[in-house]
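*Asks:* From first to last, the protein sequence lines stand for chains A and B.
Residue numbering for the first sequence follows the numbering used here, starting at 8 and increasing by one per position.
Residue numbering for the second sequence follows the numbering used here, starting at 8 and increasing by one per position.
Ideal Cβ positions, reconstructed from N, Cα and C, are used throughout, including at glycine.
Number of protein chains: 2
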Amino acid sequence: MSPNPVIPDTAVTRLATYLRVLSERQVEGRLHVSSAFIGAAAGVSPDQVRKDLSHFGEFGRPGVGYDLEQLRYHLARILRLDRVRPAVLVGAGSLGSALARYTGFPQRGFRIAAVFDIDPQRVGTKLGELTVEHVDCLSRRVAELGASIGIIAVPRWACQSVVEQLAAAGLQAILNFAPGKVDVPEGVNVRSVDLARELECLAYYLPG
Amino acid sequence: MSPNPVIPDTAVTRLATYLRVLSERQVEGRLHVSSAFIGAAAGVSPDQVRKDLSHFGEFGRPGVGYDLEQLRYHLARILRLDRVRPAVLVGAGSLGSALARYTGFPQRGFRIAAVFDIDPQRVGTKLGELTVEHVDCLSRRVAELGASIGIIAVPRWACQSVVEQLAAAGLQAILNFAPGKVDVPEGVNVRSVDLARELECLAYYLPG
Numbered sequence: 008m009s010p011n012p013v014i015p016d017t018a019v020t021r022l023a024t025y026l027r028v029l030s031e032r033q034v035e036g037r038l039h040v041s042s043a044f045i046g047a048a049a050g051v052s053p054d055q056v057r058k059d060l061s062h063f064g065e066f067g068r069p070g071v072g073y074d075l076e077q078l079r080y081h082l083a084r085i086l087r088l089d090r091v092r093p094a095v096l097v098g099a100g101s102l103g104s105a106l107a108r109y110t111g112f113p114q115r116g117f118r119i120a121a122v123f124d125i126d127p128q129r130v131g132t133k134l135g136e137l138t139v140e141h142v143d144c145l146s147r148r149v150a151e152l153g154a155s156i157g158i159i160a161v162p163r164w165a166c167q168s169v170v171e172q173l174a175a176a177g178l179q180a181i182l183n184f185a186p187g188k189v190d191v192p193e194g195v196n197v198r199s200v201d202l203a204r205e206l207e208c209l210a211y212y213l214p215g
Numbered sequence: 008m009s010p011n012p013v014i015p016d017t018a019v020t021r022l023a024t025y026l027r028v029l030s031e032r033q034v035e036g037r038l039h040v041s042s043a044f045i046g047a048a049a050g051v052s053p054d055q056v057r058k059d060l061s062h063f064g065e066f067g068r069p070g071v072g073y074d075l076e077q078l079r080y081h082l083a084r085i086l087r088l089d090r091v092r093p094a095v096l097v098g099a100g101s102l103g104s105a106l107a108r109y110t111g112f113p114q115r116g117f118r119i120a121a122v123f124d125i126d127p128q129r130v131g132t133k134l135g136e137l138t139v140e141h142v143d144c145l146s147r148r149v150a151e152l153g154a155s156i157g158i159i160a161v162p163r164w165a166c167q168s169v170v171e172q173l174a175a176a177g178l179q180a181i182l183n184f185a186p187g188k189v190d191v192p193e194g195v196n197v198r199s200v201d202l203a204r205e206l207e208c209l210a211y212y213l214p215g
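#1: Do you know offhand how far A:Asp74's Cα is from A:Asp190's?
#2: Would you say B:Ala109 lies against chain A (beta-carbon separation less than 9 angstroms)?
#3: If A:Ala176 and A:Leu134 are in contact, beta carbons under 8 angstroms, what's the gap, nearest whole angstrom?
#4: Check the C-beta distance from A:Ile181 over to A:Val170 and give it rounded, since I have them as a contact under 8 angstroms.
#5: Can you give me the start and stop residues for the beta strand (DSSP E) that B:Ser168 sits inside?
#6: Tell me, please, which residues DSSP counts as bridged to A:Pro15.
#7: Using a Cβ-Cβ distance cut-off of 9 angstroms, determine whether A:Val19 contacts chain B.
#8: Taking all protein chains shown into account, do 16 or more other C-beta atoms lie within 10 angstroms of the C-beta of A:Glu207, making it buried, or fewer, making it exposed?
#9: In chain order, what residues of the region 72-91 of chain B put their CB closer than 8 angstroms to some CB of chain A?
#10: Rounded to a whole number of angstroms, what is the C-alpha to C-alpha distance between B:Glu76 and B:Leu38?
#11: Please check the pair A:Ala160 and A:Leu178, which I expect to be a contact at CB under 8 angstroms, by giving their CB distance rounded to whole angstroms.
#12: What residues are listed by DSSP as bridge partners for B:Ser199?
#13: Is any beta-carbon of chain A found at less than 9 angstroms from that of B:Pro93?
#14: Which chain A residues are close to B:Ile156, counting only those with a beta carbon under 9 angstroms from its beta carbon?
#15: Who does B:Val95 pair with in a DSSP beta bridge?
#16: For the alpha helix (DSSP H) containing A:Val149, name the first residue and the last one.
#17: Whole angstroms are fine: how far does the CA of B:Arg27 sit from the CA of B:Leu88?
#18: Taking a contact to mean a Cβ-Cβ separation below 9 angstroms, would you say B:Lys188 touches A:Ala48 in this structure?
#19: Using CA coordinates, which residue listed in A:Ala94, A:Gln172, A:Glu35 and A:Ser101 is at the minimum distance from A:Arg115?
#20: To the nearest angstrom, how far is it from the Cα of B:Thr213 to the Cα of A:Val91?
#21: When we look at the beta-carbon of B:Thr110 and count the other beta-carbons within 10 Å, is it buried (16 or more) or exposed?
#22: Counting only Cβ pairs nearer than 9 angstroms, list the residues of chain B close to A:Val200.
#23: Distance, Cα to Cα, B:Val149 vs B:His141?
#24: Hey, could you find the ends of the alpha helix (DSSP H) A:Gly103 is sitting in?
#25: Indicate whether at least one CB of chain B lies closer than 9 angstroms to the CB of A:Gln128.
#26: Check whether the Cβ atoms of B:Asp126 and B:Val97 sit closer than 9 angstroms, and answer yes or no.
#27: Go ahead and pull the three-state DSSP assignment for B:Gly70.
#28: Can you tell me which of the three DSSP states A:Lys133 falls into?
#29: Please report the distance separating the alpha-carbon of B:Val71 from that of B:Leu29.
#30: So B:Pro53 contacts chain A; which residues on that side make the cut at Cβ distance below 7 angstroms?
#31: Is B:Val191 helix, strand or coil when you go by DSSP?
#32: Use the C-beta contact count for B:Gly67: other C-beta atoms within 10 angstroms, 16 or more gives buried, fewer gives exposed.
#33: Please report how far the alpha carbon of A:Thr138 lies from the alpha carbon of A:Val122, in whole angstroms.
#34: Exposed or buried, which one is A:Val13 when buried takes at least 16 other CB atoms within 10 Å?
#35: Would you report the Cα separation of A:Glu65 and A:Gln55, rounded to the nearest angstrom?
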């Protein structure tokens with residue numbers, strides 16, 4: 008498959024939302040959906056839906072809308088969600104343990120296939136069905152597992168080094184839960200989620 | 008304190024980043040910092056730093072920069088981070104349990120003061136130092152604790168009802184980890200974090 012065009016992150020997020028809309032109960036039994044229907048469910052305008060999809064070709068037919076199954080198939084392929092994606096997790100602390108057990112990932116096609124840590128007290132312990140492995144095994148295991156995504160749940164000080172190890176192991180997509188700024192190696196896509204930052208941004212709107 | 012001006016979410020996020028920059032080791036011993044210094048550490052232009060701060064008055068002096076301690080004080084007040092904020096968590100499943108134990112929150116001034124669930128098997132169990140309480144006690148406990156922030160880690164189907172219960176209890180700030188669309192009650196600020204969505208967006212850039 009050819010590489011996807013570079014579009015804004017917000018547009019990628021909307022595509023994922025459209026796919027979710029098309030997979031929800033409300034569309035059961037439908038053969039076609041309109042951009043207005045998708046837009047209303049996703050909280051954006053019909054124009055936005057059409058514009059976002061236009062990056063990838065012509066899908067809909069005027070007056071008929073989109074063939075639901077066809078659009079779902081194309082969106083899943085565009086988002087590379089047409090197969091289960093093995094992911095590796097680095098960091099088996101409190102957040103890492105939760106992510107390893109989080110049922111929302113497998114439900115959406117992401118399977119955490121291995122967990123790594125550097126702490127000898129954690130290496131060898133069980134986390135659900137996985138056994139925590141030493142981070143020195145990372146590169147070999149990524150190749151064995153055919154993993155394509157790395158998830159980082161380590162303290163801030165360890166983060167840069169883990170990003171580099173994941174990149175060296177050949178991973179091109181990293182979800183980072185460690186706070187702080189990261190230098191991203193070329194050809195690697197890093198998304199950072201800073202949970203405390205989300206709370207900080209919420210607090211802005213609290214009454215003083 | 009007067010309510011904060013409405014500025015884009017991205018600007019609030021940048022303010023939180025500036026505060027983080029001012030609190031990091033690299034500024035130790037400095038009395039002044041420039042917008043160029045803050046910008047470089049935050050990954051934005053000096054102009055952007057000045058523009059973001061200009062919403063809240065005049066802080067810097069040309070040629071001298073910002074008084075570091077003063078700017079840190081003001082930013083903390085603007086972001087309402089000048090005191091510990093008790094938060095309540097609804098949902099004691101795998102993600103909720105991790106959030107309750109996540110050390111990143113107290114480090115950044117947010118204390119999870121109570122955890123609620125609806126499942127009789129979870130109510131009464133211990134989660135770290137907290138005991139899971141029934142969600143029926145939510146409103147009374149929010150008042151007792153002086154909580155200002157709610158965190159939601161429940162399944163999608165339960166989310167809308169929990170948002171409404173938190174709003175009814177008087178909370179104005181909600182961090183929502185449940186996937187799906189939420190109707191937000193007036194006067195309430197909801198930020199949604201969909202962890203699987205983050206992975207979906209990363210997958211877009213993977214080779215087909």
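*Replies:* Concretely, from the data shown:
#1: The residue labelled residue 74 of chain A in the question sits at position 67 within the first sequence. The residue labelled residue 190 of chain A in the question sits at position 183 within the first sequence. Cα to Cα, A:Asp74 sits roughly 42 angstroms from A:Asp190.
#2: Taking the first residue of the second sequence as 1, we reach residue 109 of chain B at position 102. The identity of residue 109 of chain B in the sequence shown is Tyr, whereas the question assumes Ala. True, the Cβ-Cβ gap to chain A drops below 9 angstroms.
#3: To locate residue 176 of chain A, count along the first sequence from 1; it is residue 169. To locate residue 134 of chain A, count along the first sequence from 1; it is residue 127. In fact, because the Cβ distance is near 20 angstroms, the residues do not count as touching under 8 angstroms.
#4: To locate residue 181 of chain A, count along the first sequence from 1; it is residue 174. To locate residue 170 of chain A, count along the first sequence from 1; it is residue 163. The Cβ separation is near 6 angstroms, so the contact holds.
#5: As a first step, residue 168 of chain B must be located in the second sequence, where it is residue number 161. Per DSSP, B:Ser168 belongs to no beta strand (DSSP E); it is in the alpha helix (DSSP H), Arg163 to Ala175.
#6: In the first sequence, the residue the question calls residue 15 of chain A occupies position 8. Its beta-bridge partners do not exist; DSSP assigns none.
#7: Mapped onto the first sequence, residue 19 of chain A falls at position 12. So yes, A:Val19 belongs to the interface.
#8: Taking the first residue of the first sequence as 1, we reach residue 207 of chain A at position 200. A:Glu207 comes out buried.
#9: Arg84, Ile85, Leu86, Arg87 and Leu88
#10: The residue you call residue 76 of chain B lines up with position 69 of the second sequence. The residue you call residue 38 of chain B lines up with position 31 of the second sequence. If you take the alpha carbons of B:Glu76 and B:Leu38, they lie about 7 angstroms apart.
#11: Translated into positions along the first sequence, residue 160 of chain A becomes position 153. Translated into positions along the first sequence, residue 178 of chain A becomes position 171. Between A:Leu178 and A:Ala160 the Cβ distance is about 15 angstroms, and since that is not below 8 angstroms, they are no contact.
#12: Against the second sequence, residue 199 of chain B aligns to sequence position 192. BP columns for B:Ser199 point to B:Asn183.
#13: As a position in the second sequence, residue 93 of chain B is number 86, starting the count at 1. So no, B:Pro93 is outside the interface.
#14: Working through the second sequence from its first residue, we reach residue 156 of chain B at position 149. Near B:Ile156 (Cβ distances below 9 angstroms), the residues of chain A are Leu206, Leu209, Ala210 and Leu213.
#15: Mapped onto the second sequence, residue 95 of chain B falls at position 88. B:Val95 is bridged to B:Ala121 and B:Gly157.
#16: As a position in the first sequence, residue 149 of chain A is number 142, starting the count at 1. Counting along the chain, the alpha helix (DSSP H) containing A:Val149 begins and ends at Leu145 to Leu152.
#17: The residue labelled residue 88 of chain B in the question sits at position 81 within the second sequence. The residue labelled residue 27 of chain B in the question sits at position 20 within the second sequence. One C-alpha to the other measures close to 11 angstroms.
#18: Position 181 of the second sequence, counted from the start, is the residue given in the question as residue 188 of chain B. Position 41 of the first sequence, counted from the start, is the residue given in the question as residue 48 of chain A. Against a cut-off of 9 angstroms, the Cβ pair of A:Ala48 and B:Lys188 comes out as a contact.
#19: Your numbering for residue 115 of chain A matches position 108 in the first sequence. If we check each option's Cα against that of A:Arg115, A:Ala94 comes out closest.
#20: One-based indexing of the second sequence puts residue 213 of chain B at position 206. One-based indexing of the first sequence puts residue 91 of chain A at position 84. Checking the sequence, you will find Leu at residue 213 of chain B rather than Thr. Near 13 angstroms, if we compare the C-alpha coordinates of A:Val91 and B:Leu213.
#21: The count along the second sequence starts at 1 and reaches residue 110 of chain B at position 103. Per the 10 Å Cβ criterion, exposed.
#22: Start at 1 with the first residue of the first sequence, and residue 200 of chain A comes out as number 193. Within chain B, the residues near A:Val200 are Val200, Leu202 and Glu205.
#23: What you label residue 149 of chain B is simply residue 142 of the second sequence in a count that begins at 1. What you label residue 141 of chain B is simply residue 134 of the second sequence in a count that begins at 1. Roughly 13 angstroms separates the two Cα atoms.
#24: In the first sequence, counting from the first residue as 1, residue 103 of chain A sits at position 96. Here the alpha helix (DSSP H) through A:Gly103 covers Ser101 to Arg108.
#25: For the purposes of this step, residue 128 of chain A is identified with residue 121 of the first sequence, where counting begins at 1. No, no contact with chain B.
#26: In the second sequence, the residue the question calls residue 126 of chain B occupies position 119. In the second sequence, the residue the question calls residue 97 of chain B occupies position 90. Going by C-beta atoms, B:Asp126 is not nearer than 9 angstroms to B:Val97.
#27: Counting from one through the second sequence, the residue named residue 70 of chain B turns up at place 63. B:Gly70 falls in the coil class under three-state DSSP.
#28: Along the first sequence, one-based indexing puts residue 133 of chain A at 126. Correct three-state label for A:Lys133: strand.
#29: In the second sequence, counting from the first residue as 1, residue 71 of chain B sits at position 64. In the second sequence, counting from the first residue as 1, residue 29 of chain B sits at position 22. Whole-angstrom Cα-Cα distance: 16 angstroms.
#30: The residue given as residue 53 of chain B occupies position 46 in the second sequence. Chain A residues near B:Pro53: none, gap ~17 angstroms exceeds 7 angstroms.
#31: Sequence index remark: in the second sequence, residue 191 of chain B carries index 184 (1-based). Coil.
#32: For the purposes of this step, residue 67 of chain B is taken as the residue at position 60 of the second sequence. Flag for B:Gly67 reads buried.
#33: Along the first sequence, read from residue 1 onward, the residue named residue 138 of chain A stands at position 131. Along the first sequence, read from residue 1 onward, the residue named residue 122 of chain A stands at position 115. Each residue's alpha carbon lies about 7 angstroms from the other.
#34: Numbered from 1 along the first sequence, position 6 holds the residue referred to as residue 13 of chain A. Answer is exposed; the Cβ neighbour count stays below 16.
#35: Counted from its first residue, the first sequence places residue 65 of chain A at position 58. Counted from its first residue, the first sequence places residue 55 of chain A at position 48. Near 15 angstroms, if we compare the C-alpha coordinates of A:Gln55 and A:Glu65.
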